[in-house]
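A.B. asks: One structure, as structure tokens, below. Some questions next.
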Amino acid sequence: MVIESYSDLIQAAQQQDEPQRLLFVLAKAELPDDATESQKSRYAEQQGGALDPVLCVDKLPQDVAEFSTLLAESERTGVDWDIAFIASMSGRAGQAPSSDEADQPLTLMVNKVKAGSIADFVTVNKQGELIQLFA
259 MVIESYSDLI QAAQQQDEPQ RLLFVLAKAE LPDDATESQK SRYAEQQGGA
309 LDPVLCVDKL PQDVAEFSTL LAESERTGVD WDIAFIASMS GRAGQAPSSD
359 EADQPLTLMV NKVKAGSIAD FVTVNKQGEL IQLFA
């Protein structure tokens, strides 16, 4: 299945043979202190900057079937973010992974985002639109 929207992602997760748990790393775009004029210009046009993970959470697909639910929950934290990186964990024997089982994969995701290794993740902006990032 080609994922072209957040809804497609949820549908794909729900169609897997085993129940899924979605992993979200929310990141804020920031401008490095030593940014060049070119970097500053691109950042001003929302075309550049460094992505700093600020929040991570795991959810069952049915708990965030609508992007607006994820957005509302994140707003209640008071943490501002620009980009969400999303991955999925497969369960086993008909059981979705627990939140405890998601801790280590979430930590690995945060580390990958910090390192710029983001190719394995579905990426959405705060409007819920799938976007493509280039390192």
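Numbering (this note's numbering), first residue to last: 259 to 393. Here a beta-carbon is modelled for each residue, glycine too, at the ideal position from N, C-alpha and C.
1) With distances taken between CB atoms, is the gap from residue 285 to residue 339 smaller than 8 angstroms?
2) Assign residue 273 to one of three DSSP states: helix, strand, or coil.
3) Check the DSSP bridge columns for residue 348 and list the partner residues they point to.
4) Please state whether the Cβ-Cβ distance between residue 345 and residue 281 is less than 8 angstroms.
5) Are residue 266 and residue 288 touching if we call contact CB-CB under 8 angstroms?
C.D. replies: Once the coordinates are examined:
1) yes
2) coil
3) 278
4) yes
5) no
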